[in-house]
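What follows is a single structure, written as structure tokens, with notes after it.
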Amino acid sequence: MVIFPSSFAVVLMNTSPEERVIDVSFTDVFRDTDKYWWEATYTVYDLWEKDGEGLPRVSKTATNSSHLTEGRDRALSSLAASIGALNLAEQDSGIRPAKTVFGSAGVLLDTIRDSAANDQEYVKLGLSCANVCRALDRGLNGRRTEDLGGYLLGMIETLTTTVAIIQKAIIKQGKQGPASPPFHPKHDKEKIAAWERDLDRILLIFNTELAIDTHVMVAGTYKNVLAIHEGAHLVSVTSSPSPPTQDHQPPRGTPPGELPPPAPKAFFGRGALIEEVVGHAEKLESIALVGAGGIGKTSIALTVLDDDRIKARFGDNRRFIRCEQFLASRVHFLARLSKVIGAGVENPEDLTPLRPLLSSKGMIIVLDNAESILDPQATNHEEIYAVVNELCQFKTVCLCITSRITMVPRYCKRPRIPTLSTEAAREIFYGIYGNDERSETIDNLLQRLDFHALSITLLATAASDNVWDHDRLAKEWDERRAQVLRTDHNESLAATIELSLTSPTFRKLGPDAHDLLGVVAFFPQGVGEKNLDWLFPTISGRANIFDKFCALSLTHRSSGFITMLAPIRDHFHPRDPKASPFLCATRDHYFTRLSVNPEPDQPLFGETQWIVREDVNVEHLLDVFTSIDTSAVNVWDACGNFLHHLHWHKPRQTTLGTKIQGLPDGHPSKAQCLLRLAQLSGSTRNHAECKSLLLHTLTLERERGNDFGVAETLQHLSYANRSLGIYKEGIQQAKEALEIFNRLGDVGEQLNCLQSLARLFLFDSRLDAAEDTVSRKIELLPEKGQEFHLCQSHSLLGEIYLRKGEKEKAVSHFKTALTIASHFNWQVEVFWIHYEMAAIFRDEGEFDDANAHIEQAKSHAAHDAHSLAHGMEMQADIWYRQHRLDDARSEALRALGTFEKLGAAEDVGRCQCLLQMIEQAGLSRVD
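Numbered continuously in our numbering, the sequence shown closes out at residue 927.
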């Protein structure tokens, strides 16, 4: 049995702390009769501190140059001792790849020693190389070649290639002559530092693979011990394997190379996608599976490789390469490709020696996690991309790429990878959780995770490991989301996301990129793509930054917004919104836009319609910041402005109502917020609540002695009482408001009061009083600047003359109002004028004109569901009178559904009566 020795060592350097240099000491300890173990102790003093770029520099406190020289000399002496130890390790090693590493490293250290007399960069590179070999020696102690897993051997080969590349470069530079020393430190610090980082990265990956390999070996030993204890006849993992019997010989014709890992057992909800990918693969088309981390790209690729049609098409020529397990360079990629496909070519420089094999038979190759080699900002991107792109050109090769970045070779088919369906998400969760009892609690959690595959797996694992019931799991999720998505096996969503943040493309975006992602994560809808200029005016290249977020699959575009999957949003969401400068700046920009008056007679009315698309974001923003600081007047003023925007552009209920009513009566913003909330309640047909809120507001304004506030509230109370059919009370309130505004000299508000008073007279059937009030309003209007009030006045006169039976006068006033409203694009006014005119022509039996007006009305109610429902109801009534009963029934049902959804009980009752009339007409026709 060949045992790997522990002969590598570095001689102890007896330096005192006063010298403040790097002290490296190794001690051999004899254990277990046939193994040598050694331990290393590094004591790093600040003679060589680290600067911002990670390169060593002389400490400001080190003033004695003799200490520095002596420290370098001792370090160089340690390198000389390391060379001898490496030579011994090369001779004793029984693992061929490791023997190569130690041989190459010995030559490399020897070169470094000869050329590093004054170069601390070289000394540090040498110590990094020695450190990697130390870890390799210790990790392979007592192991045989056949004991090592494929990935572990792969990492040793990667290390071999890396050391060889460094050695070759240094020796090549040295051959240029004495006048050209190998890599002058002033000119080549970056090159030397890059080598050092490569070695450190190899060490990290090697240690990870070693830990996994050790875990598997220990688990196998434990399993065999149990089997032996139970009387099973198993072979111990420490015994020599028996020669394979005839039945266990590898099948003839099996090509060299590596077969892919097995497909996941639990794989749900991707049937259509698998069919699409398999179809492309059968036609040898290149494929790119691009999406966010954890969405299931690798599982999809492995499932495709395990598909029966793929097995029939490619046989054993199905290859799988994990791109994150080797350095991102053409040399390393080609070396790994050569081994995986079984070409038998050592360190090919290009695809030329691999072409005969690649062209000889059909082959499917999966490049998993290809973002690690295809990142366009990486150092060696162009040469790797060229090789991958060439692989796509082989007529016998299907190349399948899984990647988080969108920059993949052109002409790749890119099937969309959606999140899981509800049922597939359930299957994954309960398959791990182990309880078939379904519940709405779990469905709600799965929905809040956006049906993200990895997050569901981690959630189910955490619940199963901790034996949580559904309610406890929901509680833990609400309290500490990120911690729940982390298992005892050190799997976490955060680790997956952080891989994207370490990519060269992301790092090049600059220090603001992470905070900008926090802003995207904060808003439920994400960030409006057309709003980047006014949301982030101080960020240069903002459009490019957000494009790169999408290219890295950290964000995606949806309905005009740049947004995130829920689990990714939770990761980036600012823990303290007030501490995020970009979020606070964004908040202030929103508040500025909300301060614009959204009423139809205002010049910027059209610009305020942005709230229709952004209402969810603004509501969330206000909900968060009103919770953080209830005394912040600017936040509550913005809250009132938001409700005002909703009232005019998108009437709906809001979560802010409870907070507003809960404010202390003495809060300076409460009265105004209550008034706006009352307006919104009225526009959503909740007139009783509207009146109750206004009465509370009136009390507050009277207590404060705010005459304008009292008059404004009385005016809105008159609107509410008119809607409730309490006309006489409404008339008295409108008159009192008119008197106060007259005393204050506010002409604009006087016009509003006269409009309200005239409409109350109309509803109370006092038609002459209504006409006189409108005439009084028109006399008060200036020649210019109050076109909206003029439009309203003509529209109201049309209604009055219609009630009086004077059709020609009514139509004339309606047309005048329509001309004004259309000119200024006042959508609400245009809708109601067309609606009233449609009613006139309907009653006159002129159905063509009626249909034309109601079609125009509906076209101006696209963003107002309630008005649109009224239009559909009118349309149904017209068709009913034309005996188009099927069309009438369909339109009436649509209107009824909208009214029911809006909770408009009065409208629902009226629409139901219309439907009954339509049904009766249908029955009569049958009879």
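For every residue, glycine included, the Cβ atom is placed at its ideal position computed from N, Cα and C.
Going by C-alpha to C-alpha distance, which of the options sits closest to residue i?
i, options, result
"I417", "S765, E276, A513", "E276"
"Q525", "L565, E282, E346, L802", "L565"
"N686", "L675, L724, E703, L698", "L724"
"S756", "N721, N742, L780", "N721"
"R557", "G528, D637, C584, A862", "G528"
"V303", "F320, E844, F326", "It is worth fixing the name first, because residue 303 is Thr in this sequence and not Val. Comparing Cα-Cα distances from T303 to each of F320, E844, F326, the minimum goes to F320."
"A857", "E836, F831, I840, E846", "F831"
"L802", "I840, E779, F824", "I840"
"E787", "S822, G805, R766, H573", "S822"
"A734", "A758, G748, R743", "A758"
"R881", "L358, M917, A463, I628", "M917"
"D308", "L516, I274, S299, R330", "I274"
"E703", "V387, A671, D864, E729", "A671"
"V635", "L656, I442, H647", "L656"
"T654", "S681, W534, R270", "S681"
"I778", "V747, R884, H860", "V747"
"T837", "L797, D864, T697, A862", "Here the sequence assigns Met to residue 837, which means Thr is not the residue at that position. Residue L797 is the option with its Cα nearest to M837."
"P581", "D623, N617, D512, G745", "D512"
Assuming residue i is part of the alpha helix (DSSP H), what are its boundary residues?
i, result
"S580", "Element bounds for S580: n/a, residue is neither H nor E."
"A288", "No alpha helix (DSSP H) holds A288; the beta strand (DSSP E) holding it covers 287-290."
"I428", "422-433"
Is the beta carbon of residue i sitting closer than 7 Å to the one on residue j?
i, j, result
"P600", "W826", "yes"
"C911", "A895", "yes"
"V633", "S669", "yes"
"I800", "E771", "yes"
"F451", "A425", "yes"
"I611", "H645", "yes"
"K548", "L509", "yes"
So, at 7 Å on beta carbons, what are the nonlocal neighbours of residue i in its own chain, with the 5 sequence-adjacent residues on each side left out?
i, result
"I740", "D707, V710, A711"
"N851", "I878"
"G909", "none"
"F314", "G362, M363, I364"
"L583", "G518, V519, F522, P574, P577"
Whole angstroms is fine: what's the gap from residue i's alpha carbon to residue j's?
i, j, result
"W477", "S503", "29 Å"
"L399", "F523", "38 Å"
"G640", "L199", "60 Å"
"T713", "L754", "15 Å"
"A769", "E829", "23 Å"
"F546", "Y590", "19 Å"
"A921", "F605", "45 Å"
"S286", "S360", "18 Å"
"G344", "P376", "30 Å"
"E919", "R889", "8 Å"
"G805", "H853", "20 Å"
"K659", "D465", "39 Å"
"F326", "L334", "11 Å"
"Y727", "L675", "21 Å"
"E783", "L868", "34 Å"
"D907", "F642", "27 Å"
"T684", "L902", "7 Å"
"G541", "E873", "50 Å"
"R507", "I497", "14 Å"
"Q715", "Q750", "10 Å"
"T898", "A904", "9 Å"
Please report the residue range of the beta strand (DSSP E) in which residue i lies.
i, result
"A462", "Per DSSP, A462 belongs to no beta strand (DSSP E); it is in the alpha helix (DSSP H), 453-465."
"C398", "397-403"
"R322", "318-322"
"S540", "Element bounds for S540: n/a, residue is neither H nor E."
"R309", "It is not in any beta strand (DSSP E) - R309 instead sits in the alpha helix (DSSP H) that spans 308-314."
So, for residue i: in the same chain, excluding its five sequence neighbours on each side, which residues have a beta-carbon less than 8 Å away from its beta-carbon?
i, result
"V408", "A288, V290, A370, L374, I401, R414"
"T254", "Note that T254 has pLDDT 40, beneath the 50 cutoff, so the model's placement of it is unreliable and the number below is only indicative. Here the set comprises D316."
"T298", "D368, N369, T402"
Excluding the 5 residues flanking residue i on each side, which residues of the same chain have their C-beta closer than 6 Å to its C-beta?
i, result
"A817", "C791, H794, S795, I833"
"A263", "L302, T303, D306"
"N389", "P409"
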